[in-house]
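Inspection log for the structure reproduced underneath, given as C-alpha cells.
2 protein chains.
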Amino acid sequence: MTPTISIVGRSGSGKTTLLEKIVAELTSRGYTIGTIKHDVHGFEIDYEGKDSWRHKRAGAKIVVLSGPGKLAVIKDVDEEWPPSRLGFSFLDEVDLIITEGYKKAGYPKIEVVRKATSTKLMCGKDKHLLAIASDIKFKRRDVPCVDINDAKGIANLIEKRFLQKQPVSGRSGKADLIVNGKQITLKPFINGMLAEAIKGMLKSLKGCGSPKDIEIRIRG
Amino acid sequence: MTPTISIVGRSGSGKTTLLEKIVAELTSRGYTIGTIKHDVHGFEIDYEGKDSWRHKRAGAKIVVLSGPGKLAVIKDVDEEWPPSRLGFSFLDEVDLIITEGYKKAGYPKIEVVRKATSTKLMCGKDKHLLAIASDIKFKRRDVPCVDINDAKGIANLIEKRFLQKQPVSGRSGKADLIVNGKQITLKPFINGMLAEAIKGMLKSLKGCGSPKDIEIRIRG
Chain E
5 MTPTISIVGR SGSGKTTLLE KIVAELTSRG YTIGTIKHDV HGFEIDYEGK DSWRHKRAGA
65 KIVVLSGPGK LAVIKDVDEE WPPSRLGFSF LDEVDLIITE GYKKAGYPKI EVVRKATSTK
125 LMCGKDKHLL AIASDIKFKR RDVPCVDIND AKGIANLIEK RFLQKQPVSG RSGKADLIVN
185 GKQITLKPFI NGMLAEAIKG MLKSLKGCGS PKDIEIRIRG
Chain A
5 MTPTISIVGR SGSGKTTLLE KIVAELTSRG YTIGTIKHDV HGFEIDYEGK DSWRHKRAGA
65 KIVVLSGPGK LAVIKDVDEE WPPSRLGFSF LDEVDLIITE GYKKAGYPKI EVVRKATSTK
125 LMCGKDKHLL AIASDIKFKR RDVPCVDIND AKGIANLIEK RFLQKQPVSG RSGKADLIVN
185 GKQITLKPFI NGMLAEAIKG MLKSLKGCGS PKDIEIRIRG
C-alpha cells in the first residue's frame with residue numbers, strides 16, 4: 005500500500021493552496037506524488053458538448069480518454085470508493101498519496117487552520133493528527149504546529165516519516181490484494197510468500213519472461 | 005479480456021453520433037458499456053482554476069477526484085497506452101468496450117462514411133472491418149452496409165457477434181494478466197489453472213473468505 009496522508013481543514017482554510025506547495029516541494033525533491041480530491045457534493049469534470057461528455061450522456065458507465073502523454077477516466081460507481089480502493093486501483097505507482105479532504109479516514113492528517121476562517125481545530129483530538137499548518141500559534145506538545153506557508157517544513161516532516169529515501173522500488177516484492185471488492189492486509193511473511201508463489205508460477209509460462217511487475221485480475 | 009470494437013471514420017463523418025446511438029441502444033438492452041475516446045492530438049478535460057487542475061499543475065502525476073456516484077482519474081503517461089492496457093486497467097467490469105478512433109488497431113471495426121465528408125472507405129481492405137455505417141449504399145458482399153442512422157441494426161449485429169446474452173459473468177474463472185507492463189494471453193487451460201491456483205492459495209488466508217473477484221498487484 006502506498007503511504008497516504010490527508011490535508012484537512014474547514015472550507016476556505018487553504019487546503020488546496022497548501023497541497024499545491026507540498027506537491028511542488030516533494031516533486032522537486034524527486035518524489036512522484038498522486039493526489040485524491042474528495043468532493044462530498046460531487047464534481048463536474050467534463051463539459052457539455054465534448055465527445056467524452058456525449059459518450060457518458062449516452063449511457064456509457066466508464067469513459068476513458070487517451071492521448072499522447074495523458075489519459076483520463078470518468079467512471080460511475082454505485083457506492084463512493086474509499087481512498088484505499090482508489091489508491092490500489094489508480095495510484096499504486098507513486099511514492100506518496102496526498103488526499104484533500106477525508107477528515108474522517110484514518111490517515112495521518114495535516115490540519116490547515118487560517119485565522120480568517122476559523123481559529124479552532126477540527127481534528128484536535130484525532131490521534132492521526134500529524135501536524136497543524138496555521139497562521140495561529142497553537143500550543144501543543146504532542147503535535148507540531150508549522151507556519152501555514154512553510155511548505156518546506158511540512159515536506160521535511162513528511163519525507164522523514166513516510167518517504168525515507170525509499171521511492172517506489174522500496175515496496176518491491178510485496179503483493180497488494182483486493183478480494184471481492186475489499187482490500188486485504190496480509191502479514192509480511194504471508195504476503196512475501198504469496199508474491200513469490202505467483203512469480204514462480206508465471207516464470208514458467210510462455211511470454212512472461214522474468215516477471216517483476218505483475219497485475220492479475222480474476223472474476224467469478 | 006472484455007470484447008472490444010472500434011467506430012472509425014474520417015473527421016466529421018459522425019463517429020460520436022453513431023457511438024452515442026449504439027451505446028444508448030445496447031444500454032437499453034441491459035448491457036454495460038465502456039468507451040475509449042482516442043484523441044491523437046491530446047485533450048483537455050480539466051479547467052483552469054479547479055482544484056484538480058491546481059493539483060495537476062503543482063506536479064502531481066496522477067489526480068483522482070472522488071464523489072458520490074462518480075470518480076475521475078487524470079494521469080500522466082510516458083507513452084500512450086494501447087486500448088488493451090486501458091481496457092485491462094479501467095474497463096474490466098463492462099460487457100463491451102467501444103472505442104472511438106484507433107483505426108490502426110486490430111479490433112473489429114465499424115466504419116462511418118458520410119457523403120458530405122467523403123465517399124471513400126478508409127478501411128476498405130482492413131480484414132477487421134465488421135460493417136459499414138453510411139448514407140451511401142456500398143456494394144460489398146463480404147461486409148454488411150447499414151444505414152448511418154440504423155443504430156438498432158448495428159446493435160443487433162454487435163449483440164449477435166460479441167455479447168450473446170453473456171454479460172460480465174460469462175467471463176468467470178478467467179485470469180487477466182499484465183506482466184512487466186505487457187498484457188499476456190494464456191491458453192484457456194493454463195489460464196484456468198492459474199486462476200484456480202491463486203484462488204486456492206487465497207482461500208486459506210485470513211480475511212479472504214470465499215474469493216471470487218480478485219485483484220493482485222506485485223511490484224519488483
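For the record, the sequence lines run as chains E and A. Okay, so the first sequence: first residue is 5 according to the working numbering, each after it adds one. Okay, so the second sequence: first residue is 5 according to the working numbering, each after it adds one. Ideal Cβ placement from N, Cα and C applies to all residues, glycine included. Computed from a predicted structure; not experimentally measured.
Alpha carbon to alpha carbon, how far is residue j from residue i? Give it in angstroms, no decimals.
i	j	result
residue 160 of chain A	residue 186 of chain A	33 Å
residue 67 of chain A	residue 17 of chain E	21 Å
residue 82 of chain A	residue 84 of chain E	29 Å
residue 31 of chain A	residue 98 of chain A	11 Å
residue 199 of chain A	residue 179 of chain A	5 Å
residue 54 of chain A	residue 47 of chain E	10 Å
residue 216 of chain A	residue 201 of chain A	13 Å
residue 223 of chain E	residue 214 of chain E	25 Å
residue 62 of chain A	residue 76 of chain A	18 Å
residue 148 of chain E	residue 135 of chain E	5 Å
residue 9 of chain E	residue 80 of chain E	25 Å
residue 124 of chain A	residue 57 of chain E	29 Å
residue 33 of chain E	residue 221 of chain A	27 Å
residue 150 of chain A	residue 204 of chain A	48 Å
residue 158 of chain E	residue 52 of chain E	39 Å
residue 240 of chain A	residue 191 of chain E	This structure does not reach residue 240 of chain A, given that chain A is present from 5 up to 224, and the question cannot be answered.
residue 168 of chain A	residue 168 of chain E	53 Å
residue 139 of chain E	residue 146 of chain E	18 Å
Taking residue i as the reference, which of the options has the closest Cα?
i	options	result
residue 50 of chain E	A:64, A:69, A:36 and A:62	A:69
residue 25 of chain E	E:76, E:119 and E:155	E:155
residue 23 of chain A	A:33, A:144 and A:38	A:38
residue 197 of chain A	E:193, E:194, E:209 and E:191	E:209
residue 118 of chain A	A:165, A:137, A:192 and A:132	A:137
residue 42 of chain E	E:105, E:52, E:6 and E:203	E:105
residue 5 of chain A	A:93, A:162 and A:120	A:93
residue 219 of chain A	E:184, E:204 and E:146	E:184
residue 29 of chain A	A:139, A:163 and A:211	A:163
residue 144 of chain A	A:129, A:158 and A:157	A:129
For my contact list, residue i and residue j are in at a C-beta cut-off of 8 Å; report their separation, rounded to the angstrom.
i	j	result
residue 152 of chain E	residue 116 of chain E	7 Å
residue 59 of chain E	residue 71 of chain A	Between residue 71 of chain A and residue 59 of chain E the Cβ distance is about 19 Å, and since that is not below 8 Å, they are no contact.
residue 27 of chain E	residue 64 of chain A	5 Å
residue 35 of chain E	residue 95 of chain E	About 13 Å separates the two Cβ atoms, so there is no contact after all.
residue 127 of chain A	residue 141 of chain A	Incorrect: roughly 18 Å between the Cβ atoms, too far for contact.
residue 166 of chain A	residue 7 of chain A	4 Å
Can you give me the Cβ contacts of residue i inside the same chain, cut-off strictly under 8 Å, excluding the 5 residues immediately before and after it?
i	result
residue 188 of chain A	181 and 182
residue 207 of chain E	214 and 215
For residue i, which residues in the same chain have their Cβ closer than 6 Å to its Cβ, ignoring the five residues on either side in sequence?
i	result
residue 74 of chain E	none
residue 40 of chain A	87, 90 and 103
residue 121 of chain E	14, 16 and 17
Note down, in chain order, each residue of its chain lying with its Cβ closer than 7 Å to the Cβ of residue i, except the 5 sequence neighbours on either side.
i	result
residue 195 of chain A	178 and 179
residue 110 of chain A	132
residue 20 of chain E	104
residue 212 of chain A	206
To test your reading of the DSSP string, which unbroken alpha helix (DSSP H) runs of 4 or more residues are found completely within the region 5 to 48 of chain E? 19 to 32
Segments of 3+ residues assigned as beta strand (DSSP E) that fall wholly inside the region 96 to 174 of chain A: If we require 3 residues or more, the beta strand (DSSP E) runs fully inside the region 96 to 174 of chain A come out as 100 to 104, 113 to 117, 133 to 138 and 149 to 151.
Taking only runs that begin and end inside the region 182 to 207 of chain A, name each unbroken beta strand (DSSP E) of 3 or more residues, in chain order. 186 to 188
Suppose only complete runs of 4+ residues qualify. What are the alpha helix (DSSP H) ranges in the region 48 to 87 of chain E, listed by chain order? Those alpha helix (DSSP H) runs which fall completely within the region 48 to 87 of chain E and span 4+ residues are 55 to 62.
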